[in-house]
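Number of protein chains: 2
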Amino acid sequence: MARKAGIIGGGVIGGGWAARFLLNGWDVAVFDPDPEAPRKVGEVIANAKRALPALSDGPMPPEGKLTFAATITEAVEGADYIQESVSERLDLKHRVFAQIQQVAPDTPIGSSTSGFKPSELQQNAANPATIFVAHPFNPVYLLPLAEIVPSAKSDPALIEGAKETLREIGMFPLHIRKEIDAHIADRFLEAVWREALWLVKDGIATTEEIDEAIRMGFGLRWGQMGLFETYRIAGGEAGMKHFMAQFGPCLTWPWTKLMDVPEFNDELVDLIAGQSDAQSGHHSIRELERIRDQNLIGFLKVLKDRNWGAGKVLLDHDARRRQAMPNPTPDHAQPIEMARLHVLPGWIDYNGHMTESRYLFASSETVDAFLRHIGADIAYVGTGYSYYTAETHIMHLGEAKLGEALTGTVQVLHADEKRLHVFVRIVKGDSVVATLEQMLLHVDMKAGKTCAAPAAILDRLLPIAEAHKALPRPEAAGRHVGQKK
Amino acid sequence: MARKAGIIGGGVIGGGWAARFLLNGWDVAVFDPDPEAPRKVGEVIANAKRALPALSDGPMPPEGKLTFAATITEAVEGADYIQESVSERLDLKHRVFAQIQQVAPDTPIGSSTSGFKPSELQQNAANPATIFVAHPFNPVYLLPLAEIVPSAKSDPALIEGAKETLREIGMFPLHIRKEIDAHIADRFLEAVWREALWLVKDGIATTEEIDEAIRMGFGLRWGQMGLFETYRIAGGEAGMKHFMAQFGPCLTWPWTKLMDVPEFNDELVDLIAGQSDAQSGHHSIRELERIRDQNLIGFLKVLKDRNWGAGKVLLDHDARRRQAMPNPTPDHAQPIEMARLHVLPGWIDYNGHMTESRYLFASSETVDAFLRHIGADIAYVGTGYSYYTAETHIMHLGEAKLGEALTGTVQVLHADEKRLHVFVRIVKGDSVVATLEQMLLHVDMKAGKTCAAPAAILDRLLPIAEAHKALPRPEAAGRHVGQKK
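Chains D and C, in that order, are what the protein sequence lines are. For my numbering, add 800 to where a residue sits in the first sequence, where the first one is 1. For my numbering, add 800 to where a residue sits in the second sequence, where the first one is 1.
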């Protein structure tokens, strides 16, 4: 039987918790007196359904059952886990806990509070031992972090059980050993927020400039290594102590308006350098550099695919370069070179070679460039017509490895009004690593059937097909899988 | 003719600048009195060559020429752009600028300084107008940000030219209109650093716990939207003003040790809300949420592919789920279902359908799972043997769209000691969207040729092949591209 989560508070955070439990197979009962809560929670869950399954490389469990409870009692009765995400008012949270504990005195109650300490949450509670901080980050259904903060009154076994529950729904419970206002992450967010308010107020930068200063630079680093591991690398071969010696003196300089700084002494340097060794010492600085670089390449490529943030800079840079290096008019008496690619880190399989689907990807890039060349570009697709691939035959003849340069060429075997039959060679240096024979059909996308291509395209395509008739027919053309040579 | 960059200072930052210019086709002359500089710069360039080309979807320009100059004069003579990255000592920087301007009084000189203001850098200079801050972020060859800070004495046309130069080498020059200690980004880094030192010193958290608190949560957000756009979303439909009203009061609370806060009043709220509207108002909150989510999915998938940071959490979660839902023993009297996939956002092409190379990817996942099923798993590949795909034939029969669930089944057409001939169906609901016929060969990877598979594998494979002989032979098997039906 599915387990049950009681979710008290149905805003963006409560809705995010509901979505995470639900999509991980838990039944969820939400209580929120706001009559708009079902709509709001529904919208968060709709977002989550579009997003969370994309992170799973296996089947998702059957979705749990969502109900909206009329009372707190109804929401938490029989629950295996309870999460409170009401407004940040301590009196309100105390009232909610009191109502919960009338019916569920022994059930773990995590609070999404940004700032209150667990000992504050537990004040006057019937059973303080079950109440703790479980502070998530928006969007709750995607970001793994949940700060788990117990107090001295907490039940250690219950806390371990709650951490296990959060792991089961795909989260990363970070156990914070000493309670403190705003836990850990929000202390950083608050420091940055305060400095940002100064910069805007003093007219140094706008909100947009500040966002660019973050997401074009250190923001990209922080998604993968955080603060200290990043600085360990910055220290270079001399490591963390070198970094601290270099930047220690800045603590007393007006590099931020936030001047309440700890004393910078050998004790602090040793403490941090020692912890950094324990954290990252099993990787050399060179290894960390390469790990960092491959992570950053991955992030940057994602943003490039999405034409967003730093990815826009990369797309602009490509466009600039294309302009600076114009393509010569292709020679139609030969197979036409239509694409140049480098084998990227994400294209490598466990054999250390380019993974087989990337040969088809390279061919698609080549054929897409050819289609643009004959006028069937993205603007043309926008008019409702396109070339679809009906059939493909691939021969694997060699291997491509990380960083190697590949080119893709197109030979037209046959073309008529509706059909485009091409032979693609993926070439590395002097050798052909793969050939791909494809039949493409010109399609009316709305009607969902083939139709004749317009004159504007045929006028460009047919002369190439005519010229290519003079080329020798490739041996692999017309071959079927397993055919004797 | 290639342009020339003079790079003064050959540490991690100077080396990063050298790499960026070089790989973008500029000649580079480096001056650094450290006899180790050529080795150090060489290592940074080696890292950059492994990384920077992966960001380009077109051919890279021919690499420039790298030289190590014996003097500053030699390094900057004839340079079109000069970048200074020596230690953070103002007297040293002044001496370097004086030497540069003896031979290159009119050439732009960017300084990599983390903290000095341009007016400080320009003190006593022969030509203050050419000296400005161009502050990059490590690794300089990957991160686009360069903070460009002029002073009142700067030449506006020269600054615009320098920004254009940085764009040409793929950077994002962020023009900072008012000079301030530590510019913008480093003020945030310094604030976070100060707070982090407190947390470590007070024993609240270790360096590792702090890094997790960043990279499992808000660090992932900041690589794509920064601070204000993220908070605009957090404000929900009510936007930035709502967010500020909610978190304004916290400014006076001890949520960080950094208590020097600006006065929180309507004027500040209006200023920020207005700037946020100008920055992000062309997207609705719902749109921003979806953009954010797709970016985060991309980042998280990258980390998952790399088994790093938040990606480790996702891999653990998949493994947990697999354990909780054990595969039933497959029924060998039918094509065997070997994979279940959801169509992910990155798999969609400009037609709105799953892009063709992903059908082969889905088939690879299916066949890989089958190979694991017969014992040819990753541990087996580690012994030096593997199955390689020699040949593939694909029929596209239907379309798959974002989020749809697909399953992949395997029918063995024939198997012997060396060969494995399979027929894969990619199924959506009741319909087959693609079929793939493949010939795989068992390979001795070291010798680079086919060889017989061991008994341990054949004992599992051959009975399946025997059982599948009873299945009807698929019509598409043995078909060649363009064959009449």
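Here a beta-carbon is modelled for each residue, glycine too, at the ideal position from N, C-alpha and C.
* **Three CB pairs or more closer than 8 Å across the segment 877-892 of chain D and the segment 906-925 of chain D** => Using a C-beta cut-off of 8 Å, the segment 877-892 of chain D makes contact with the segment 906-925 of chain D, since at least three inter-stretch Cβ pairs fall below that distance.
* Excluding the five sequence neighbours on either side, which residues of its own chain have a C-beta within less than 8 Å of the C-beta of glycine 1109 of chain D, listed in chain order? -> As a working note, residue 1109 of chain D is residue 309 in the first sequence. Sequence-distant Cβ neighbours of glycine 1109 of chain D in its own chain, meaning closer than 8 Å and more than five residues away, are Arg1015, Met1016 and Leu1103.
* **valine 903 of chain D vs glycine 806 of chain D beta-carbon contact at 7 Å** => In the first sequence, residue 903 of chain D corresponds to position 103, counting from 1. In the first sequence, residue 806 of chain D corresponds to position 6, counting from 1. For valine 903 of chain D and glycine 806 of chain D, no; Cβs fall outside 7 Å.
* **leucine 1240 of chain C (DSSP reduced to helix, strand or coil)** => As a position in the second sequence, residue 1240 of chain C is number 440, starting the count at 1. Of the three classes helix, strand and coil, the one that applies to leucine 1240 of chain C here is strand, per DSSP.
* Asked: Touch check for the segment 997-1017 of chain D and the segment 1023-1032 of chain C: three-plus C-beta pairs under 8 Å?
  -> Judged by Cβ distances under 8 Å, the segment 997-1017 of chain D makes contact with the segment 1023-1032 of chain C, as three or more pairs qualify.
* Beta bridge counterpart(s) of glutamate 884 of chain D as assigned by DSSP -> Indexing the first sequence from 1 puts residue 884 of chain D at position 84. For glutamate 884 of chain D, which the question treats as bridged, DSSP gives the partners D:Ile808 and D:Ser911.
* So is aspartate 827 of chain D in contact with chain C if we call contact Cβ pairs under 7 Å? -> Stepping through the first sequence from its first residue, residue 827 of chain D is reached at position 27. Contacts with chain C at 7 Å (Cβ-Cβ) do not include aspartate 827 of chain D.
* Reference glycine 815 of chain D; option with closest CA among D:Ala802, D:Asp832, D:Leu1100 and D:Met801 -> Stepping through the first sequence from its first residue, residue 815 of chain D is reached at position 15. Between glycine 815 of chain D and the set D:Ala802, D:Asp832, D:Leu1100 and D:Met801, the nearest pair of CA atoms involves D:Asp832.
* Asked: Quick check: the segment 970-986 of chain D against the segment 932-948 of chain D, are there 3 or more CB pairs under 8 Å?
  -> Yes: at least three Cβ pairs fall under 8 Å.
* Residues of its chain near arginine 1021 of chain D, where Cβ-Cβ distance is below 6 Å and the 5 sequence neighbours each way are ignored -> As a working mapping, residue 1021 of chain D is identified with position 221 in the first sequence. Taken in chain order, the residues that qualify are Thr1030.
* To do: Determine the contact status of leucine 1213 of chain C and tyrosine 1187 of chain C, defining contact as a CB-CB distance below 7 Å.
  => As a first step, residue 1213 of chain C must be located in the second sequence, where it is residue number 413. As a first step, residue 1187 of chain C must be located in the second sequence, where it is residue number 387. Tyrosine 1187 of chain C is positioned such that its CB atom lies no closer than 7 Å to that of leucine 1213 of chain C.
* **Residues of its chain near arginine 1158 of chain D, where Cβ-Cβ distance is below 6 Å and the 5 sequence neighbours each way are ignored** => Residue mapping note: residue 1158 of chain D aligns to position 358 of the first sequence, counting from 1. So the list reads Trp1147, once near-sequence residues are dropped.
* To do: Show which residues of chain D have a CB atom less than 7 Å away from the CB atom of tryptophan 1053 of chain C.
  => As a first step, residue 1053 of chain C must be located in the second sequence, where it is residue number 253. What tryptophan 1053 of chain C touches in chain D: Gly915 and Asp981.
* State the Cα-Cα distance for the pair lysine 917 of chain D and glutamate 960 of chain D, rounded to the nearest angstrom. => Sequence index remark: in the first sequence, residue 917 of chain D carries index 117 (1-based). Sequence index remark: in the first sequence, residue 960 of chain D carries index 160 (1-based). Rounded to whole angstroms, lysine 917 of chain D and glutamate 960 of chain D show a C-alpha spacing of 18 Å.
* Counted within 10 angstroms of its Cβ, other Cβ atoms place leucine 890 of chain C as buried (16 or more) or exposed -> What you label residue 890 of chain C is simply residue 90 of the second sequence in a count that begins at 1. That one is exposed.
* Whose Cβ in chain D lies nearer than 8 Å to the Cβ of valine 1000 of chain C? -> The sequence position of residue 1000 of chain C within the second sequence is 200, counting from 1. Within 8 Å Cβ-Cβ: Leu1068, Leu1071, Ile1072 and Gln1075.
* Indicate the three-state DSSP secondary structure (helix, strand or coil) for lysine 849 of chain C in the structure shown. => Along the second sequence, read from residue 1 onward, the residue named residue 849 of chain C stands at position 49. Helix, per DSSP.
* Euclidean distance between Cα positions of threonine 1006 of chain D and methionine 1044 of chain D -> Stepping through the first sequence from its first residue, residue 1006 of chain D is reached at position 206. Stepping through the first sequence from its first residue, residue 1044 of chain D is reached at position 244. Note on geometry: alpha-carbon atoms of threonine 1006 of chain D and methionine 1044 of chain D lie some 31 Å from one another.
* If you run the structure through DSSP and keep just helix, strand and coil, what is glutamine 1298 of chain C? -> The question about residue 1298 of chain C has no answer, for chain C in this structure spans 801 to 1285.
* **CA-to-CA distance, glutamate 990 of chain D to glycine 915 of chain D, given in whole angstroms** => In the first sequence, counting from the first residue as 1, residue 915 of chain D sits at position 115. In the first sequence, counting from the first residue as 1, residue 990 of chain D sits at position 190. C-alpha of glycine 915 of chain D to C-alpha of glutamate 990 of chain D: approximately 10 Å in a straight line.
* **Member of D:Ala1124, D:Ala1267 and D:Asn1095 whose CA lies at the smallest distance from the CA of alanine 1133 of chain D** => Reading the first sequence from its first residue, position 333 is the one you call residue 1133 of chain D. For alanine 1133 of chain D, the closest C-alpha among the options D:Ala1124, D:Ala1267 and D:Asn1095 is that of D:Ala1267.
* Short check: CB of alanine 854 of chain C to CB of isoleucine 1004 of chain D, under 7 Å? -> For the purposes of this step, residue 854 of chain C is taken as residue 54 along the second sequence, with counting starting at 1. For the purposes of this step, residue 1004 of chain D is taken as residue 204 along the first sequence, with counting starting at 1. Isoleucine 1004 of chain D sits away from alanine 854 of chain C, with the two beta carbons spaced by 7 Å or more.
* Asked: In chain order, which alpha helix (DSSP H) runs of at least 4 residues are fully inside the segment 1064-1140 of chain C?
  -> Those alpha helix (DSSP H) runs which fall completely within the segment 1064-1140 of chain C and span 4+ residues are 1066-1080, 1085-1105 and 1110-1124.
* To do: To the nearest angstrom, report how far apart isoleucine 948 of chain C and leucine 1241 of chain D are at their CA atoms.
  => Counting from 1 along the second sequence, the entry for residue 948 of chain C is found at position 148. Counting from 1 along the first sequence, the entry for residue 1241 of chain D is found at position 441. Answer to the nearest angstrom: the Cα atoms are 51 Å apart.
* Rounded to whole angstroms, what's the CA-CA distance from threonine 1052 of chain D to aspartate 1077 of chain C? Just pull it up for me. => Working through the first sequence from its first residue, we reach residue 1052 of chain D at position 252. Working through the second sequence from its first residue, we reach residue 1077 of chain C at position 277. If I take the Cα positions, the gap works out to 36 Å.
* glutamine 1283 of chain C classed as buried or exposed, judged by whether at least 16 other C-beta atoms fall within 10 angstroms -> By one-based count along the second sequence, residue 1283 of chain C stands at place 483. It is exposed - the Cβ of glutamine 1283 of chain C has fewer than 16 other Cβ atoms within 10 Å.
* Would you kindly check if the distance between the Cβ of leucine 822 of chain D and the Cβ of glycine 878 of chain D is under 7 Å? => Against the first sequence, residue 878 of chain D aligns to sequence position 78. Against the first sequence, residue 822 of chain D aligns to sequence position 22. No.
* Hey, quick one: how far does the alpha helix (DSSP H) through aspartate 1011 of chain C stretch, first residue to last? -> On the second sequence, position 211 is the one that residue 1011 of chain C refers to. Its alpha helix (DSSP H) spans residues 1007-1013.
* Please confirm if phenylalanine 988 of chain D has its CB atom under 7 Å from at least one CB of chain C. => Locating residue 988 of chain D in the first sequence gives position 188, counting from the first residue. Taking Cβ atoms only, chain C reaches closer than 7 Å to phenylalanine 988 of chain D, which makes this a yes.
* Asked: Taking Cβ-Cβ distances shorter than 9 Å, what residues in chain E pair up with serine 954 of chain C?
  -> Here chain E cannot be found, since the structure's protein chains are D and C.
* **Residues of the segment 1207-1228 of chain C whose Cβ lies closer than 7 Å to any Cβ of chain D, in chain order** => Of all residues in the segment 1207-1228 of chain C, only His1221 come within less than 7 Å of chain D when Cβ atoms are compared, listed by chain position.
* **Inter-residue CB distance, aspartate 1093 of chain C and leucine 942 of chain D (contact presumed, cutoff 8 Å)** => Translated into positions along the second sequence, residue 1093 of chain C becomes position 293. Translated into positions along the first sequence, residue 942 of chain D becomes position 142. Indeed they touch by this definition, with Cβ atoms about 6 Å apart.
* **Distance, threonine 867 of chain C Cα to proline 1054 of chain D Cα** => The count along the first sequence starts at 1 and reaches residue 1054 of chain D at position 254. The count along the second sequence starts at 1 and reaches residue 867 of chain C at position 67. The C-alpha of proline 1054 of chain D lies about 38 Å from the C-alpha of threonine 867 of chain C.
* Asked: Per DSSP, valine 1222 of chain C forms a beta bridge with which residues?
  -> Numbered from 1 along the second sequence, position 422 holds the residue referred to as residue 1222 of chain C. In the DSSP assignment, the residues bridged to valine 1222 of chain C are C:Val1212 and C:Gln1238.
* Residue interval of the beta strand (DSSP E) (run including isoleucine 948 of chain D) -> Residue 948 of chain D sits at position 148 when you count from the first residue of the first sequence. Note, isoleucine 948 of chain D: beta strand (DSSP E), 945-949.
* Run through the segment 952-1012 of chain C for me and flag every whole alpha helix (DSSP H) of 4 or more residues, listed as ranges in chain order. => 956-968 and 985-1001, all fully within the segment 952-1012 of chain C.
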